[in-house]
Amino acid sequence: MRPTTFQHRPFLWTLLGKRHLITRLQRVNILPLHSLSLSERIDTKMGVDTMLSRKGKEPGLVVWYPIKLTWSRKYLIPNDEAEQDRLDIIHHVFLLLLDGKLFRAPIGDDIQRILDVGTGTGIWAMDAGEAYPAAEVIGTDLSPIQPSWVPPNVSFQIDDAESDWTFGSNSFDLIHIRHLNGGIKDWRKLIGQAFKALKPGGWLDIAEYECFLRSDDGSLSAESSLFKYYELVNEAADKMGQEFKIAASLDQFILDAGFDKVRHEEMKVPLGTWPADKKQKEIGAFLLLTTEHAFEAFGMALLTRALGMGIPEVQELITAAKRESRSRKIHPYTNQHFYYAQKPFDDSDSE
Ligand SMILES: C[S@@+](CC[C@H](N)C(=O)[O-])C[C@H]1O[C@@H](n2cnc3c(N)ncnc32)[C@H](O)[C@@H]1O
């Protein structure tokens, strides 16, 4: 069996058993993602139903996760199994958004060395290792949550992305950073270190989301619990010096570091099954699935620690926010930002 992130964890799709979840996804049997190859997983034509059901072949499996949340002092989002499952679902959302591609940077096939900073479960790094078997792929993270059984060209190491990097200058063809929002205080330094570590002609590829919901038709009111939840999470993160609001404003850091061909693109990511468009609906369904866990993961530590709210108060807000997120009358979405930029071929400052 091919090694994947999922083998050592309860099945990813267990939350589907919860009765209040998206009606369309209820009562399906559960197909663990590790039984799918990368190409199957990135086949956008499969659709949610195919991904999540194996009708008539296996009984559905329902496992309730215990509420066990642990946080590191530096990064205020837990790294427990439910969080790891959330990260893997988000990875699938990215494959849908990018039509099966792993990054936006227009890099050719001659890739020898790839760095994935803040790799999480390592799922992106492992997919990159599979897509580029001749390349060496290194994933770094604060937390040792990556599997040990990985493709031979992939390795993981524990590293704080904010400390001084020990990687050689001019040593990577591609540096990938995705969803480090909330874990980085000094983005200028991080991007500067990435510049130094890239080979001349190498590419930086960053994907960050706005931790903020909006609607184009006014259906998400500022009085709603859903809106209030995100507002409070941002307020708390600001207070802790871990602000989430950098997603839209990394251009200057990238330019200042010395990169060329800086591109900044934005995509809407809906929350919920409200979009008419099939692909957007599918993305929204997966994102909704993650909120079952994400609201607690993001909110509990931040709101109790930074804003001094009580656990029951936060729980009440989260319950209401979840209820609203499942309403098809509210049409919320977040903006996902993609940046990619190339280190100039003639750069001579990096030695
Ligand atoms: C939201 S997850 C994203 C994981 C992965 N990049 C992905 O897209 O699947 C953020 C990850 O970054 C890690 N992280 C946060 N701050 C970090 C830091 N300063 N240095 C290294 N890793 C960090 C966390 O431990 C977590 O695994």
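Each residue of the sequence shown is one higher than the one before, starting from -6 at the first, in the numbering used here. No residue lacks a Cβ here, since even glycine has one placed at the ideal position from N, Cα and C. Everything numeric in this text was worked out from a predicted model, so none of it was measured.
Cβ-based neighbour list, A287, same chain, cut-off 6 Å, excluding 5 preceding and 5 following: The beta carbon of A287 sits closer than 6 Å to the beta carbons of R79 from its chain, once the five residues preceding and following it are set aside; these are given in chain order.
Close beta carbons around K182, own chain, < 8 Å, minus the five adjacent residues each side: The residues are E155.
Element boundaries [alpha helix (DSSP H), containing L80]: Unbroken alpha helix (DSSP H) run through L80: E74 to L90.
Inter-residue spacing [alpha-carbon to alpha-carbon] between R319 and I168: So the two alpha carbons sit approximately 36 Å from each other.
Residues bridged to W196 [DSSP beta-bridge criterion]: For W196, which the question treats as bridged, DSSP gives the partners L167 and Q335.
contact_flag[the region 214 to 223, the region 312 to 330] where n(CB pairs < 8 Å) is 3 or more: Enough Cβ pairs lie closer than 8 Å, so yes.
Which of helix, strand or coil DSSP assigns to P268: The three-state reading of DSSP puts P268 in coil, since its state is none of H, G, I, E or B.
Beta-carbon gap between V166 and I83 smaller than 8 Å: The sequence given here has Asp at residue 166, not Val. No; because the gap between Cβ atoms is not below 8 Å, this pair is not in contact.
Three-state class that DSSP yields for N328 in the structure shown: Look at N328 here: in three-state DSSP terms it is strand.
3-residue-minimum beta strand (DSSP E) runs that sit fully inside the region 105 to 138, ordered along the chain: Counting only runs of 3 or more, we get 106 to 110 and 129 to 134.
Boundaries (first-last residue) of the beta strand (DSSP E) holding D253: Following the DSSP letters along the chain, one finds D253 inside the beta strand (DSSP E) bounded by residues D253 to P263.
Heavy atom of ligand 1 within 7 Å of E155 beta-carbon: For E155, the shortest C-beta to heavy atom distance toward ligand 1 is below 7 Å.
Three-state secondary structure (DSSP) of I304: Assigned with DSSP and collapsed to three states, I304 falls in helix.
D340, DSSP secondary structure in three states: In this structure, D340 counts as coil in the three-state DSSP scheme.
Check: I83 C-beta below 7 Å from any heavy atom of ligand 1: Because some heavy atom of ligand 1 lies under 7 Å away, the Cβ of I83 counts as near it: yes.
Buried versus exposed, by CB contacts within 10 Å (16 or more), A127: Under this definition A127 is an exposed residue.
Per DSSP, cross-strand counterpart(s) of F149: According to DSSP, which records beta bridges pairwise, F149 is partnered with G132.
The region 126 to 145 touching the region 202 to 210, judged by at least three CB pairs closer than 8 Å: No, the region 126 to 145 is not in contact with the region 202 to 210.
heavy atom of ligand 1 below 7 Å from I177 C-beta: Under cutoff, so the answer is yes.
Span separating the alpha-carbon of V147 from that of D92: Straight across, the Cα-Cα distance linking V147 with D92 is about 23 Å.
Buried or exposed (CB count within 10 angstroms, at least 16 for buried), K94: So K94 ends up on the exposed side.
Simplified DSSP state of E155, which is helix, strand or coil: Three-state DSSP puts E155 in coil, outside helix and strand.
L347: CB within 7 Å of a non-hydrogen atom of ligand 1: Beyond the ends of the chain as shown, which are -6 and 344, falls residue 347; an answer cannot be given.
DSSP state of K61 mapped onto helix, strand, coil: Bear in mind that the predicted position of K61 carries a pLDDT of just 30, short of 50, making it unreliable; the figure below should be weighed with that in mind. DSSP, reduced to helix, strand and coil, places K61 outside both helices and strands of the structure shown, so it counts as coil.
Through-space distance from L191 to I184, alpha-carbon basis: Per the coordinates, the alpha-carbon of I184 lies some 11 Å from the alpha-carbon of L191.
Member of W158, K254 and G175 whose CA lies at the smallest distance from the CA of R97: Of the listed residues, the one whose Cα sits closest to R97 is K254.
Residue from R321, Y326, F291 and I323 whose Cα sits closest to the Cα of L310: Nearest option by C-alpha distance: F291.
Contacts around F338, its chain only, beta-carbon distance under 7 Å, and the 5 residues preceding and following it disregarded: Spatial neighbours of F338 in its own chain (CB-CB distance under 7 Å, excluding positions within 5 residues in sequence) are listed in chain order as P193 and G194.
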